[in-house]
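Under the working numbering, think of the first position of the sequence shown as 572, with each following residue one higher. Note that the Cβ used here is the ideal one computed from N, Cα and C, for glycine as well. Since the structure comes first, as structure tokens, the remarks are kept for the end.
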Amino acid sequence: MIAKLDAAARAALPAELPEWHLVEGRDAIARSFRFADFSAAWGFMSRVALLAERQDHHPEWSNVWNRVEITLSTHDAGGLSARDLRLAKSIDALLPG
């Protein structure tokens, strides 16, 4: 069984992942992304898919034209785990600057 984040790790979330927010009513984090157009959004999703496969941890997500919404939670842990933080940081690293 994968362990859920402890209180210290949860308290560090705003500093570690400032663009991500806790999802109300769920033990999950989420972030919204906007791109120039659909093609850029789709390219980003393709890169995230490759990361997710390598980490064997898959996001919940949706895409509408230039927007991508990603939610992370570890179902095996019943909530947030270190796997979510690792994938969120990897996703953030795909973005310029």
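- Beta-bridge analysis with DSSP links Asn634 to Val639.
- Your pair Glu587 and Leu656 checks out as a contact, with CB atoms roughly 7 Å apart and the cut at 8 Å.
- Taking C-beta separations shorter than 6 Å and ignoring five residues to either side along the sequence, the partners of Phe604 in its chain run Val639, following chain order.
- Ala601 has His592 and Thr642 as its beta-bridge partners, per DSSP.
- Excluding its 5 nearest sequence neighbours in each direction, Met616 has C-beta neighbours in its own chain below 8 Å: Trp632, Asn634 and Val639, listed in chain order.
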